[in-house]
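**Q**
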Amino acid sequence: MKKRRVLSLVSAAVMLTGIVAGCKSKEDDKIIIGGLAPLTGNVAQYGQAVDNAVKMAIEEINEKGGILGKKIDYRSVDEKGDPTEAVNAYYSLVEEGIVALIGDVTSKPSKSVAQKAAEDNMPMITPSGSEESITKVGKNVFRTCFIDPYQGKLMADYAFKKLNAKSAAILFDTGDPYSTGIADAFDAAAKELGMTVTNKEGYASGSTDFKTQLTKIQGSKPDVLLLPVYYNDVALIAVQAKQIGITAKLLGGDGWAGVQNQLDEKNMDVLANSYFCNQYDPTSSDPDMQNFLKKYKERYKTDPIMFAVLGYDTAYILTAAIERAGSTDPDKIIEELKKTDYDGLTGKTVFNENRNPVRLAYITTFEGKKEKVLESYSVD
-18 MKKRRVLSLV SAAVMLTGIV AGCKSKEDDK IIIGGLAPLT GNVAQYGQAV
32 DNAVKMAIEE INEKGGILGK KIDYRSVDEK GDPTEAVNAY YSLVEEGIVA
82 LIGDVTSKPS KSVAQKAAED NMPMITPSGS EESITKVGKN VFRTCFIDPY
132 QGKLMADYAF KKLNAKSAAI LFDTGDPYST GIADAFDAAA KELGMTVTNK
182 EGYASGSTDF KTQLTKIQGS KPDVLLLPVY YNDVALIAVQ AKQIGITAKL
232 LGGDGWAGVQ NQLDEKNMDV LANSYFCNQY DPTSSDPDMQ NFLKKYKERY
282 KTDPIMFAVL GYDTAYILTA AIERAGSTDP DKIIEELKKT DYDGLTGKTV
332 FNENRNPVRL AYITTFEGKK EKVLESYSVD
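No gaps in the numbering here: position 177 of the sequence shown is 158 in my numbering, and each next residue is one more.
1) Can you tell me which of L318, L291, T300 puts its alpha carbon nearest to the alpha carbon of Y27?
2) Below 8 Å on the Cβ atoms is my contact criterion, and I expect K181 with A170 to pass it. Report the Cβ-Cβ distance as a whole number of Å.
3) Using C-beta distances below 8 Å, list every residue in its chain close to C4, excluding the 5 sequence neighbours before and after it, in chain order.
4) Need the endpoints of the beta strand (DSSP E) that A342 sits in, please.
5) In its own chain, which residues sit with a C-beta less than 8 Å from the C-beta of L82, not counting the 5 before and 5 after it?
6) Helix, strand or coil, according to DSSP, for N33 in the structure here?
7) Please state the DSSP three-state secondary structure of D54.
8) Return the chain-ordered list of same chain residues with a C-beta closer than 7 Å to the C-beta of Q29, the five sequence neighbours on each side being excluded.
9) So, with DSSP's three-state summary, where would you put S357?
10) So, with DSSP's three-state summary, where would you put A81?
11) Helix, strand or coil: which one does DSSP assign to A18?
12) At which residues does the alpha helix (DSSP H) containing F332 begin and terminate?
13) V122 by DSSP, collapsed to three states: which one?
14) Could you check what DSSP says for I42 in three-state terms: helix, strand or coil?
15) Indicate whether the contact test is met: 3 or more Cβ pairs, each with one atom in the stretch 248 to 265 and one in the stretch 343 to 352, closer than 8 Å.
16) For Y141, name the three-state secondary structure that DSSP assigns.
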């Protein structure tokens, strides 16, 4: 009886070992890459665009054989645009065995996750987290988009040199580092160029009524009004600015991407005299760009916004680095990310010493609901 029981226990142990080994074998047959994005919430349009495009890119790469002779298993989590949710989601992905992370999408969650990823030496590349300090957290953190101070400086330069603006006002979200980063850089650059900054008005995150600040701005009659905020706020502010009678040209950063989708036809004219800093040229005749635009629309039944293009390039940049590394060792992946020299939809991407890309911006306006690129532009 005792002998039979011992044999049963041994058999059970052997079976369990086989099951664990089988699971491990299945996991070893793929490379798991994590993704963080706000798929619901106030900035879901950004997160969905990034996630859609990354999935599209990963499928293309897998169709060509994957990387390191294995298929990629991309696992994305909805962090709802919340930094705490993002950190929790990051830890859940780590437990699932990710070797690298694409994300996060907006600046606050990206910075919170970057701090944890740095502790783990997890290779991380954010497609669109543009707050300057994100990549300074650790040598493992990269980004595909350009940084907020660059956008602020560039838009001030464009307003002064191309729009002949002599005066400017700023309306920004005091609780958002993306907004304050662009606002402060624009303010400093405008003054250095000799422009008069008539107003620098702030509002609390989540506000929907901007008439008090806009009335003050209207009294100063600036040539241009900078709105360094996300698309949902831009739509509300632009409509209220028109109602108050503001005729200043409206300026913005890359957070304007998708704003036309927030406005109905009767209100689209509020963007008729506006300019924002885009990270790609949707009107490019480049075959790769045209193929991407066509494929994305066929699959998702909507035109891609800038965040989709950044997500697509990010997926290719990261997977190419893993392939070059010849390993999923984080130090080797990080070293190969540093060496990136990639020609993608957003142009040529190389990283500087702070792991930020060096590239042109595209000044964009609107014709109805269509974005129209006026020119590529850069500043030192």
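Beta carbons are placed, not taken as given, at the ideal position from N, Cα and C, and that holds for glycine.
Here the structure is a predicted model, which means the values were calculated and not measured.
**A** Checking against the coordinates, here is how it stands:
1) L291
2) Contact flag wrong, Cβ pair sits at about 13 Å.
3) Bear in mind that the predicted position of C4 carries a pLDDT of just 44, short of 50, making it unreliable; the figure below should be weighed with that in mind. None.
4) 342 to 348
5) I14, G15, G16, L17, Y71, L74, V94, A98, M103, P104, M105, I106
6) helix
7) strand
8) L20
9) strand
10) strand
11) strand
12) Neither: F332 is in no alpha helix (DSSP H) and is coded neither H nor E.
13) strand
14) helix
15) yes
16) Correcting the residue type first, residue 141 is Phe in the shown sequence and not Tyr. It is helical.
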